[in-house]
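**Q**
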Amino acid sequence: MAHHILTVLVENKSGVLARVSGLFSRRGYNIESLAVAPTDDERFSRITIVVDADSAPIEQITKQLFKLISVVKISELEPSSAVERELLMATVRADAASRSQVIELVGVFEGKIIDVGSEGLTVMLAGQPSKLDDFEDLLRPFGISDIQRTGRVALPRLERNTPRLRSVKGKVG
Amino acid sequence: MKLTGAQALIKSLEMEGVDVMFGLPGGCILPAYDPLLDSTIRHILVRHEQGAGHMAEGYAHVTGRPGVAMVTSGPAATNLVTPLCDAYMDSIPMIAITGQVSRPAIGTDAFQECDTVGITRAVTKHNELIMDPEDIPRLVREAFHIATTGRPGPVLLDVPKDVLQAEMTWYWPDGVDLPGYRPTVKGHPRMIKEAAQMITAARRPVLYVGGGVLKSRAAEALRALADLTGIPVVTTLMARGAFPDSHPLCLGMPGMHGNFTAVTAMQHADLLIALGARFDDRVTGRVGAFAPDAQIIHVDVDPAELGKVRRPDVPIVGDCRQVIEELVEAVKAVGTPQADRTEWIATLRRWQADYPLTYEAPEEGGPLKPQMVIETLRDACPPDTIVASGVGQHQMWTSQYWKFDHPYTWVNSGGLGTMGFAVPAAIGAKVGRPDRMVWAVDGDGCFQMTAQELVTASAERIPVKIAILNNAYLGMVRQWQEMFYDERYSEVYLSPDLPDYVKWAEAMGCVAFRVETPEDVLPTIEKANQIDDRPVVIDFRTDSSEKVFPMVAAGASNDDVLTAPGVTPARDLAR
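Structural data, given as structure tokens:
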């Protein structure tokens, strides 16, 4: 799916999320996922919104969002220049016959088993959303009774100092 | 100094320079009505909360200052939703104060409780539920700042009863601290320069002027730009009066019921300079066919308007007055003279001559022509008369036939198209400008929606004048059923006599007249204009078969202007 990631810095006040989500529904934009978290400055929260790229021009979405008084800053993250992560938790049926296979799968994905019952396991995995999709597909045959995903959060990729290559042209002679 | 929340609220309004407010008390807002007795603020007691909202809008329209409406919680707050939405659509600065149930009762479905902030979120520029009496001065200050700056709009403050009753320590904030709100007012210098070059070089330019020019008080700057460049001007429904109709460069109103020349000039233009206009569907017709050859310079204080409908070649975010003033200087600095536009102006003059606004003369003994009533009214009133209208045929005729030579003389509901706007808006306008004559031209359908506010006008001695163009129909709907639904008239007949408008108006304390013949039109208007101590209502019996022309059918291209019967079909001449 083609998507845009918006990280929206908002005032940490009641009703702000309703303002943002209300704007999306009123203008007919589709939200793929949405995650809210406090920031290191308690006056602000950060909302990470993944928007279906086909539902509206991203420029119009950001302009409308910015009209909300409580929205302080909007950054758009190109999926290619951002690091995105998501958390998945699932309760999977794992009886004596299948338990070891589930444990093995969790091991392969470097997930964790966070709860154990007599008939099932609750597992978690944090990682790139596409990896979570794969994990979910492979868990499904065992029988998923509950699943929750957080929606993605994202931060821009950091700039790195690439080794400088000195031009040698012109030095000759 | 210790004050109650209610005292702090009223004092804060006084600090903001509020001289009048429109409202109706009730349970939760009761505490705020007590300090009002000791305040310098004049309170106008309305008969329905919707009236308070539209009065606040009318007041804001003509004064440029935010109108204030104060009502109680629950049904009062929901009755305010229509005016809030109206003000939001037309960018009218307005402050709404609603009572709310006491803090402990919020969320319990208490008596007259509703989620006012939730309900009005989509129809206000901003709203706040005040949960701490200490916040009152700050939030009032912020509300006025938000309502009046950038793109103006309505701001609502919802105040629980116990917040009004609680004590707080009075202070008045020095300024506002809104990290998420910093409107851009100054145009980008490079864009201004580029725009100035395009303006100078354009062969067939049109200044497309919207309501933003009035909001930014840019009428004088616009006049300077038009005079400097010689570029013709169209004024949209929201901008009537921003440029004088009597000016030779004024082409009048464009759009669905705009005149042929204004509509067609935009279609043939090579450059549209959109100033505080938003390419509304009622102006553009089918967007894909709108002004196909035109480059676009789009100036608006709201960045979201740039590219929302039509992608501009030169987008300029900024306050219209400031940007227009900057454009005037930049055009002067271009160094080359304006392109030769004699042919363009000659074409426009030819269209104006060939396609005047016309209507058929009334038949002998037949009903009044509504256009004739408006023309007579216009000529019998001082030129700076403020005219308000409702929504429908009468609104279009008034916009077409009135001659607007002064800004802030036209008060109407453009974006939302709120029937019933005229009577309360005219009352609000008269309160704001008591020195001016204020007429409302209303339809019979509209009048019945909010007429009760004439009781308010009588009680408060607000001498507005109402001309009802009574054609016994929901006229605009009737027109569409005639033209697009094979004359199958469904639920549009209202009857000319039920109610009896004269008796009704008299019962509300107004002077009332009925006019049925052309000879009586002028003398009755003159009689009405003599009355200055109470409202006047005239029931004009008009021709129900009359339709608004020209017209571009909904969804049609602006190339297909339907002109009035007897005028050459437009297509032949536009080529």
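The listed protein sequences derive, respectively, from chains Z and W.
For reference, each letter of the first sequence is one residue, going 55 to 227 in my numbering.
For reference, each letter of the second sequence is one residue, going 168 to 742 in my numbering.
All residues carry an ideal CB built from backbone N, CA and C; glycine is no exception.
Just how far apart, CA to CA, sit W:Asn579 and W:Ala555?
**A** Counted from its first residue, the second sequence places residue 579 of chain W at position 412. Counted from its first residue, the second sequence places residue 555 of chain W at position 388. Approximately 6 Å between the Cα atoms of the pair.
**Q** Quick check on W:Ile313 - is its C-beta less than 8 Å from some C-beta in chain Z?
**A** Within the second sequence, residue 313 of chain W is the residue found at index 146, counting from 1. Taking Cβ atoms only, chain Z reaches closer than 8 Å to W:Ile313, which makes this a yes.
**Q** When you compare only the Cα positions, how much space is there between Z:Ile85 and W:Asp460?
**A** Within the first sequence, numbered from 1, the residue matching residue 85 of chain Z stands at position 31. Within the second sequence, numbered from 1, the residue matching residue 460 of chain W stands at position 293. Whole-angstrom Cα-Cα distance: 37 Å.
**Q** With a threshold of 6 Å on Cβ separation, who are the neighbours of W:Pro411 within its own chain once the five nearest residues in sequence on each side are excluded?
**A** The sequence position of residue 411 of chain W within the second sequence is 244, counting from 1. Cβ within range, chain order: Asp572.
**Q** So which residues of chain B does W:His355 contact, with C-beta pairs closer than 8 Å?
**A** The question asks about chain B, but that chain is absent: this structure's protein chains are Z and W.
**Q** From what residue to what residue does the beta strand (DSSP E) around W:Gly234 run?
**A** As a first step, residue 234 of chain W must be located in the second sequence, where it is residue number 67. Element bounds for W:Gly234: Gly234 to Val238.
**Q** Could you check whether the Cβ of W:Leu740 sits closer than 8 Å to any Cβ belonging to chain Z?
**A** Counting from one through the second sequence, the residue named residue 740 of chain W turns up at place 573. Caution is warranted here: a pLDDT of 48 is assigned to W:Leu740, below 50, making its placement in the model unreliable, and no coordinate value can be reported.
**Q** Short of 7 Å in beta carbon distance, which residues of its chain neighbour W:Thr585, apart from the five on each side in sequence? Order them along the chain.
**A** The residue you call residue 585 of chain W lines up with position 418 of the second sequence. Excluding residues within five positions, the ones whose Cβ falls inside 7 Å are Thr249, Asp253 and Val558.
**Q** What does DSSP give as the partner residue(s) for W:Ser556 in the beta ladder?
**A** Numbered from its first residue, the second sequence carries residue 556 of chain W at position 389. In DSSP, W:Ser556 forms a bridge with W:Val608.
**Q** Looking at the structure shown, is W:Leu740 part of a helix, part of a strand, or coil, going by DSSP?
**A** For the purposes of this step, residue 740 of chain W is taken as the residue at position 573 of the second sequence. Only weak support exists for where W:Leu740 lies, its pLDDT of 48 falling under 50; the value from the coordinates is given anyway. Reduced to three states, the DSSP call for W:Leu740 is helix.
**Q** Mind checking whether W:Gly190 and W:His210 have CB atoms under 8 Å apart?
**A** Here the question's residue 190 of chain W lines up with position 23 in the second sequence. Here the question's residue 210 of chain W lines up with position 43 in the second sequence. In contact: W:Gly190 and W:His210 (Cβ atoms closer than 8 Å).
**Q** As a quick exercise: from W:Pro717, W:Val734 and W:Gly722, pick the residue whose alpha carbon is nearest that of W:Val728.
**A** For the purposes of this step, residue 728 of chain W is identified with residue 561 of the second sequence, where counting begins at 1. It is W:Pro717.
**Q** Anything in chain Z within Cβ reach of W:Tyr348, meaning under 8 Å, just list it in chain order.
**A** Working through the second sequence from its first residue, we reach residue 348 of chain W at position 181. The answer, in chain order, is Ile123.
**Q** How many angstroms separate the CA atom of W:Thr367 from the CA atom of W:Gly502?
**A** Here residue 367 of chain W corresponds to residue number 200 of the second sequence, with the count starting at 1. Here residue 502 of chain W corresponds to residue number 335 of the second sequence, with the count starting at 1. Whole-angstrom Cα-Cα distance: 9 Å.
**Q** Drop a sphere of 10 angstroms on the beta-carbon of Z:Val162, count the other beta-carbons inside from all chains shown, and report buried for 16 or more, exposed for fewer.
**A** Within the first sequence, the letter at position 108 stands for residue 162 of chain Z. So Z:Val162 ends up on the exposed side.
**Q** So, under 8 Å CB-CB, W:Tyr568 and W:Thr730 are touching, yes? Tell me the CB distance rounded to an integer number of Å.
**A** One-based indexing of the second sequence puts residue 568 of chain W at position 401. One-based indexing of the second sequence puts residue 730 of chain W at position 563. Incorrect: roughly 16 Å between the Cβ atoms, too far for contact.
**Q** Taking C-beta pairs closer than 7 Å, name the residues in chain Z that W:His293 reaches, listed in chain order.
**A** Stepping through the second sequence from its first residue, residue 293 of chain W is reached at position 126. Within chain Z, the residues near W:His293 are Ile123.
**Q** Tell me whether W:Trp564 sits in a helix, a strand or coil according to DSSP, three-state version.
**A** Taking the second sequence and counting its residues from 1, one reaches residue 564 of chain W at position 397. Reduced to three states, the DSSP call for W:Trp564 is helix.
**Q** Report yes or no: is there a C-beta of chain W within less than 8 Å of the C-beta of Z:Arg153?
**A** Residue numbering aside, residue 153 of chain Z sits at position 99 when the first sequence is read from its first letter. So no, Z:Arg153 is outside the interface.
**Q** I need the straight-line Cα distance from W:His574 to W:Asp437, nearest angstrom please.
**A** For the purposes of this step, residue 574 of chain W is taken as the residue at position 407 of the second sequence. For the purposes of this step, residue 437 of chain W is taken as the residue at position 270 of the second sequence. Checking the sequence shown, residue 574 of chain W turns out to be Pro, not His. Taking the straight line joining both Cα atoms gives about 28 Å.
**Q** Can you tell which of W:Val466, W:Pro415, W:Ala456 and W:Lys714 has the C-alpha that lies nearest to the C-alpha of W:Glu513?
**A** Locating residue 513 of chain W in the second sequence gives position 346, where the first residue counts as 1. Glu is not the amino acid found at residue 513 of chain W; the sequence shown has Ala there. Comparing Cα positions, the closest option is W:Pro415.
**Q** Are the beta-carbon atoms of W:Val322 and W:Thr283 separated by less than 8 Å?
**A** Position 155 of the second sequence, counted from the first residue, corresponds to residue 322 of chain W. Position 116 of the second sequence, counted from the first residue, corresponds to residue 283 of chain W. Result no, Cβ atoms of W:Val322 and W:Thr283 do not sit closer than 8 Å.
**Q** With a threshold of 8 Å between beta carbons, is Z:Val62 in contact with chain W?
**A** Against the first sequence, residue 62 of chain Z aligns to sequence position 8. Chain W, which has no Cβ nearer than 8 Å to the Cβ of Z:Val62, makes this no.
**Q** Would you say W:Lys475 reaches chain Z, if we count a Cβ-Cβ gap shorter than 8 Å as a contact?
**A** One-based indexing of the second sequence puts residue 475 of chain W at position 308. Chain Z, which has a Cβ nearer than 8 Å to the Cβ of W:Lys475, makes this yes.
**Q** Tell me whether W:Glu686 is buried or exposed, calling it buried when 16 or more other Cβ atoms sit within 10 Å of its Cβ.
**A** Counting from one through the second sequence, the residue named residue 686 of chain W turns up at place 519. W:Glu686 is classed as exposed because its beta carbon has fewer than 16 other beta carbons within 10 Å across all chains shown.
**Q** For the candidate residues W:Arg681, W:Ser566 and W:Pro482, whose alpha-carbon lies nearest to that of W:Ile463?
**A** Taking the second sequence and counting its residues from 1, one reaches residue 463 of chain W at position 296. Selected option, being the one with the closest Cα: W:Pro482.
**Q** State yes or no: is the beta carbon of W:Gly820 nearer than 8 Å to at least one beta carbon in chain Z?
**A** With chain W represented from 168 up to 742, any question about residue 820 of chain W goes unanswered, as that position is not in the structure.
**Q** So, for W:Ala173: in the same chain, excluding its five sequence neighbours on each side, which residues have a beta-carbon less than 6 Å away from its beta-carbon?
**A** In the second sequence, the residue the question calls residue 173 of chain W occupies position 6. Cβ neighbours of W:Ala173 beyond the five flanking positions: Pro198, Ala199, Pro202 and Leu331.
**Q** So the beta strand (DSSP E) Z:Ala89 belongs to, where does it begin and stop?
**A** Within the first sequence, numbered from 1, the residue matching residue 89 of chain Z stands at position 35. Start and end: Ile85 to Pro92.
**Q** State yes or no: is the beta carbon of W:Pro399 nearer than 8 Å to at least one beta carbon in chain Z?
**A** Position 232 of the second sequence, counted from the start, is the residue given in the question as residue 399 of chain W. Cβ-Cβ to chain Z under 8 Å: no for W:Pro399.
**Q** My output table needs one value for W:Asp667: the three-state DSSP class, helix, strand or coil.
**A** Numbered from its first residue, the second sequence carries residue 667 of chain W at position 500. W:Asp667 carries a coil assignment under DSSP once its states are collapsed to helix, strand and coil.
**Q** W:Ile273 and W:Pro327 - do their beta-carbons sit closer together than 8 Å?
**A** Taking the second sequence and counting its residues from 1, one reaches residue 327 of chain W at position 160. Taking the second sequence and counting its residues from 1, one reaches residue 273 of chain W at position 106. Contact flag set, yes.
**Q** Is it buried or exposed, Z:Val236, if we count other Cβ atoms within 10 angstroms and call 16 or more buried?
**A** This structure gives no information on residue 236 of chain Z, because the portion of chain Z shown stretches from 55 to 227.
**Q** With a threshold of 16 other CB atoms inside 10 Å of the CB of Z:Val226, please say whether the residue is buried or exposed.
**A** As a first step, residue 226 of chain Z must be located in the first sequence, where it is residue number 172. The pLDDT assigned to Z:Val226 is 46, lower than 50, so where the model puts this residue is not dependable; a value taken from the coordinates is nonetheless given after this. Z:Val226 is exposed by the Cβ-count criterion.
**Q** Would you mind sorting Z:Gln202 into buried or exposed? The rule is 16 or more other CB atoms within 10 Å of its CB.
**A** Taking the first sequence and counting its residues from 1, the one referred to as residue 202 of chain Z is at position 148. Residue environment for Z:Gln202: exposed (fewer than 16 other C-beta atoms within 10 angstroms of its C-beta).
**Q** Does Z:Lys166 come out as helix, strand or coil in the three-state DSSP assignment?
**A** Within the first sequence, numbered from 1, the residue matching residue 166 of chain Z stands at position 112. Looking at Z:Lys166 - three-state DSSP - the assignment turns out to be strand.
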